[in-house]
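Contents: one structure, followed by commentary.
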Amino acid sequence: MKNIFPYVLLLLLSACGGGEETEAIPTDLAGRQELLKTKRAELRELTKEVAELQDLIYEQDPSLAPKGVLVATTTVEPTSFEDYANIQATVSASETAMATPEIPGRITSMRFEEGDAIRRGQLVATIDVENVSTQRAELETAAELAKTVFERQERLWEQKIGSELQYLQAKNNYDRIQQQLKSIDVQAAKKNVYAPISGTVDRIMMRQGESAMPGAPILSILNTNDLDVVGDAPESLLTKVKRGQRVKVNVPTANLSFEAPVTRIGKTVDPANRTFEVEIKVPAKYRRELKANLLAEVEVLDFQAENIIVVSQDQIQQEIDGRRYVFVVDEQDGETVARKKYITTGESYDNRAIIEEGLEVGDRIITDGSRGLVDGQKISLG
Numbered sequence: 000m001k002n003i004f005p006y007v008l009l010l011l012l013s014a015c016g017g018g019e020e021t022e023a024i025p026t027d028l029a030g031r032q033e034l035l036k037t038k039r040a041e042l043r044e045l046t047k048e049v050a051e052l053q054d055l056i057y058e059q060d061p062s063l064a065p066k067g068v069l070v071a072t073t074t075v076e077p078t079s080f081e082d083y084a085n086i087q088a089t090v091s092a093s094e095t096a097m098a099t100p101e102i103p104g105r106i107t108s109m110r111f112e113e114g115d116a117i118r119r120g121q122l123v124a125t126i127d128v129e130n131v132s133t134q135r136a137e138l139e140t141a142a143e144l145a146k147t148v149f150e151r152q153e154r155l156w157e158q159k160i161g162s163e164l165q166y167l168q169a170k171n172n173y174d175r176i177q178q179q180l181k182s183i184d185v186q187a188a189k190k191n192v193y194a195p196i197s198g199t200v201d202r203i204m205m206r207q208g209e210s211a212m213p214g215a216p217i218l219s220i221l222n223t224n225d226l227d228v229v230g231d232a233p234e235s236l237l238t239k240v241k242r243g244q245r246v247k248v249n250v251p252t253a254n255l256s257f258e259a260p261v262t263r264i265g266k267t268v269d270p271a272n273r274t275f276e277v278e279i280k281v282p283a284k285y286r287r288e289l290k291a292n293l294l295a296e297v298e299v300l301d302f303q304a305e306n307i308i309v310v311s312q313d314q315i316q317q318e319i320d321g322r323r324y325v326f327v328v329d330e331q332d333g334e335t336v337a338r339k340k341y342i343t344t345g346e347s348y349d350n351r352a353i354i355e356e357g358l359e360v361g362d363r364i365i366t367d368g369s370r371g372l373v374d375g376q377k378i379s380l381g
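Residue 302 in numbering that gives the first Met the number 0 is what sits at position 303 of the sequence shown, and the numbering runs on without skipping anything.
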């Protein structure tokens, strides 16, 4: 078509300027509109004549004919389609625990730092038991005195000299102090704080020299040997996520992707955001590459279809009125041309879309070079 317009222009110029007088342009609106209508009709007729003349020239000398736009194509074949829903998730340690003291006191030693590996039962910290030691020394003195009094009353009782009440009071006082000594020894033994589980020290809450209180954690431990990916799935996926179903997990920060089965599905739906919990255990070979609290994404199969027509969304174009179309290869008067086909699309995922109407198996879609084509334009297959 580009070669037609120079001829049209020349013919128009000759038509308009062939006479000695140039047709005057009317000054009134109706006259100008009528003249425009006439000129457009003349242009259509001239364009038709130019096209016919151009075809005669190309028939006489084919080497003068313009070559079609070079395009690449692919043949439509039935295929499968899968659509996945994305669930935002977090890498989580399956087991966490706090190392806490059982007695109050100043921390006299701290044996671990954040990130250190730790085994269950290892000594974590030591609590100052100076007050306990002082109390024990006082009890030991009281115990010696109570023992002396008890033994004296016991001898007198055996000799029928002392009263039974004095004997029982001395015995009771001695036994009570002995129990206090045992209790203080148990308390002194609690000066050592041990790791409740094996794993990695995640966070240090208290340092050496600070005062510890019973129940207040000194440090937290994560069992990084057993990691989970935990996410909140929308309730619309409730019937589509099954325990044991394999899903794809992406951890962008660690540049890691893997497939694993769903190990647990929450029993309740959160009323606030209408989601339920989904858990996937991280396979052993990936655990060293991950850390707790990393953000992850879980891909769950949401839709699947077989024997359907699917095309790349890059090949789909859109009219101003919203209609979608693709270009296919067609034959017209012995020439290969681009033909516009309007389509109806369905589900789409990962730059692929299902074609519900408009294409048939065997159609040849133009994949490269389709931008800028017009319906019926001559093309050359690459």
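Note that CB positions come from ideal geometry on N, CA and C, so glycine has one too.
Short Cβ contact (8 Å threshold) for residue i with residue j
i, j, result
"GLY375", "THR74", "no"
"VAL220", "ALA98", "Looking at the sequence provided, one finds Ile at residue 220 rather than Val. Contact: yes."
"ARG135", "LEU122", "no"
"ILE106", "LEU138", "no"
"VAL200", "ASP115", "yes"
"ARG118", "PRO195", "no"
"ILE217", "ALA96", "no"
"ALA271", "GLY104", "no"
"VAL229", "VAL281", "no"
"SER397", "ALA337", "The shown model of the chain, from 0 to 381, leaves out residue 397, and the question about it has no answer."
Same chain, Cβ closer than 7 Å to residue i, five either side skipped, listed in chain order
i, result
"GLU288", "ALA253 and LEU255"
"THR72", "VAL328, ARG363, ILE364, ILE365, THR366 and LEU380"
"VAL240", "ALA232, VAL261, ILE264, VAL277 and VAL299"
"ILE319", "none"
"GLY208", "ARG105 and ILE106"
"THR140", "none"
"ALA84", "LEU236, VAL299 and ASP301"
"LEU28", "none"
Assumed close pair residue i, residue j - CB separation to whole angstroms, cut-off 8 Å
i, j, result
"GLN186", "ILE102", "6 Å"
"TYR324", "GLN316", "6 Å"
"GLN152", "TYR166", "5 Å"
"LYS181", "VAL128", "Rounded, the Cβ-Cβ distance is 15 Å, inconsistent with contact."
"LEU372", "PHE326", "5 Å"
Cut-off 8 Å between Cβ atoms - residues of its own chain near residue i, not counting five sequence neighbours on either side
i, result
"THR335", "GLY67, VAL328, ASP329, LYS377, ILE378, SER379 and LEU380"
"VAL268", "GLU234, LEU237, THR274 and PHE275"
"ALA215", "THR99, PRO100, MET204 and MET205"
"ASN292", "THR89, VAL90 and SER91"
"GLY368", "VAL68, LEU69, VAL70, ALA71, ILE378 and GLY381"
"GLU143", "none"
"ARG370", "GLN316"
"SER108", "ALA124, THR125 and GLN207"
Chain-order list of residues whose beta-carbon lies under 6 Å from that of residue i (same chain, five-residue window excluded)
i, result
"TYR173", "ALA145, LYS146 and PHE149"
"ASP225", "SER93"
"ASN249", "SER256 and GLU296"
"LEU11", "Low confidence applies here, because LEU11 scores a pLDDT of 48, under 50, leaving its location unreliable and the question unanswered by this model."
"GLU346", "ASP82, PHE302 and ILE353"
"SER197", "ARG118 and ARG119"
"ARG286", "LEU226"
"PHE4", "Note on PHE4: pLDDT 46, under 50, position unreliable in the model; no value is reported."
"MET0", "With a pLDDT of 45 at MET0, under the threshold of 50, the modelled position of that residue is not reliable, and the figure given next carries that caveat. Cβ neighbours of MET0 beyond the five flanking positions: none."
"THR26", "none"
"TYR348", "ASP82"
DSSP beta-bridge partners of residue i
i, result
"PHE275", "ALA232"
"LYS146", "LYS146 is not bridged to any residue."
"ASP367", "ALA71"
"TYR341", "TYR324"
"VAL373", "For VAL373, which the question treats as bridged, DSSP gives no partner whatsoever."
"ILE86", "VAL297"
"SER210", "ARG105"
"GLN317", "ARG323"
"GLY198", "ILE117"
"ASP382", "The requested residue 382 is not part of the displayed model; the chain covers only 0 to 381."
"GLN331", "GLU334"
"PHE80", "ALA304"
"ARG154", "Answer is none; ARG154 lacks a bridge partner."
"MET97", "SER219"
"ASN350", "ASN350 is not bridged to any residue."
"ILE203", "LEU218"
"ARG263", "GLU278"
"SER91", "ASP227"
"TYR193", "LEU122"
"LYS247", "GLU258 and GLU298"
Beta carbon proximity, residue i to chain B, threshold 8 Å
i, result
"LEU180", "Note that chain B does not occur in the displayed structure, where there is just one protein chain."
For the structure I just gave you, are there three or more beta carbon pairs, one from the region 89–103 and one from the region 152–169, closer than 8 Å?
no
For the region 255–269 against the region 44–60, do three or more pairs of beta-carbon atoms, one drawn from each stretch, fall closer than 8 Å, so that the two count as touching?
no
Can at least three beta-carbon pairs, one atom from the region 309–323 and one from the region 236–255, be found at a separation below 8 Å?
no
Cβ contact check for the region 20–38 and the region 336–349: 3 or more pairs under 8 Å
no
I'd like to know if the region 293–309 and the region 348–361 are in contact, where contact means that at least 3 CB-CB pairs between them fall below 8 Å.
yes
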